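Worksheet: the structure to be examined is printed underneath.
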Amino acid sequence: MKHALIKLENISINFNDRNILENFSLEILKGEKILITGSSGKGKTTLLKALLGFKQIKMGEIYIKNQLLTEDNISQIRNDITYLPQNIPFRNLNIKSLISEILSYDTNLNISLTDEKITELLQEFSLDSSIILKKFNDLSGGEKQRFAFIIAIILDRDIWIFDEITSSLDQEMKEKIILYIKNTNKTVIIVSHDTVKAFEMFRRIEL
């Protein structure tokens, strides 16, 4: 019998004095791919933030890797998660410096990354190698999303939590990234309004 890597038990969440999730439960197995859909205001992004400890739940419990999510252990648990929000909060450095800064964090010091690997990843997602000298804020929306996804690949954490990370991409690149996600061994939770054929292989949760 498989055990859930992520488990939400009867959680309730308020937002602006309004109950947007009530007695919501969900179990996600290791390696499972989850697509969360629903109209605006249904709590999709708020649910992701609750999983990361950025939003307090009113009732219920959240377990990640068999650990009850608490204020005491949330920082440790986040080390196993890559979170990409709708607006990527990277500093406005050139891309090469930004990569170096991200890899300098204590949790990332064990990552070995060559210039050749960076070039390979840029090419795989149709980014010219010259982008390495551009500042993050000078990138287009689609370039920012592709670069952020490359960072997720580099960090290689067990759990990926993504919020509308393909919204600025053309259809071909949307399909490529979602198919790439499907073929990884990661446990993935993604919020998206996009119509992507590869999403047919995800478990859909509608809020």
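Heads up: the sequence shown runs through residues 1368 to 1574, numbered per the working numbering.
Where is the CB? At the ideal position from N, CA and C, for every residue including glycine.
What you are looking at is a predicted structure, and each value in this text was computed from that prediction instead of being measured.
Rank the options by C-alpha distance to the C-alpha of residue i and give the top, closest one.
i: ASN1390; options: PRO1456, ILE1378, ASP1473 and ILE1557; result: ILE1378
i: LEU1372; options: ILE1403, LEU1418 and GLY1410; result: LEU1418
i: ILE1448; options: LYS1553, MET1568, PHE1566 and LEU1574; result: LYS1553
i: GLN1490; options: SER1464, THR1562, GLU1510 and SER1442; result: GLU1510
Could you give the distance in angstroms between the alpha-carbon of residue i and the alpha-carbon of residue j?
i: PHE1382; j: GLY1427; result: 16 Å
i: ILE1401; j: LYS1564; result: 14 Å
i: LEU1435; j: ILE1557; result: 22 Å
i: ILE1498; j: LEU1476; result: 24 Å
i: ILE1575; j: ILE1466; result: Coverage of the chain is limited to positions 1368 through 1574, which leaves residue 1575 absent and any answer about it impossible.
i: ALA1407; j: ILE1429; result: Looking at the sequence provided, one finds Ser at residue 1407 rather than Ala. Spanning the two alpha carbons is a distance of roughly 23 Å.
i: ASP1523; j: LYS1409; result: 30 Å
i: ASN1550; j: ARG1570; result: 14 Å
i: GLY1420; j: LEU1546; result: 28 Å
i: ASN1461; j: SER1559; result: 28 Å
i: LEU1486; j: ASN1504; result: According to the sequence displayed, residue 1486 carries Thr and not Leu. Taking the straight line from one Cα to the other gives about 20 Å.
i: ASN1386; j: SER1442; result: 27 Å
i: THR1562; j: ILE1548; result: 15 Å
i: LEU1488; j: ILE1518; result: 10 Å
i: ARG1458; j: SER1392; result: 36 Å
i: LYS1397; j: VAL1555; result: 9 Å
i: LEU1574; j: LEU1388; result: 8 Å
i: ILE1403; j: ILE1521; result: 24 Å
i: SER1535; j: SER1507; result: 9 Å
i: LYS1484; j: ASP1384; result: 48 Å
i: LYS1432; j: THR1481; result: 31 Å
Helix, strand or coil for residue i, going by three-state DSSP, please let me know.
i: LYS1501; result: coil
i: ILE1532; result: coil
i: LEU1451; result: strand
i: LEU1522; result: helix
i: ASN1446; result: coil
i: TYR1430; result: strand
i: LYS1400; result: strand
i: SER1464; result: helix
i: THR1562; result: coil
Any Cβ of chain D within less than 7 Å of the Cβ of residue i?
i: LYS1564; result: Within the model displayed, chain D is absent; a lone protein chain is all it includes.
Which word fits residue i, buried or exposed, when buried means at least 16 other C-beta atoms lie within 10 angstroms of its C-beta?
i: THR1413; result: buried
i: LEU1494; result: buried
i: LYS1541; result: buried
i: ARG1513; result: buried
i: ILE1424; result: buried
i: LYS1411; result: buried
Measuring only from the beta carbon, is residue i closer than 6 Å to any heavy atom that is part of the ligand SAM?
i: LYS1397; result: Ligands are entirely absent from the displayed structure, and the ligand SAM is therefore not among its contents.
query = Do the region 1524-1535 and the region 1451-1466 meet, that is, are 3 or more Cβ pairs less than 8 Å apart?
reply = The count of Cβ pairs closer than 8 Å, one atom from the region 1524-1535 and one from the region 1451-1466, reaches three, so the stretches are in contact.
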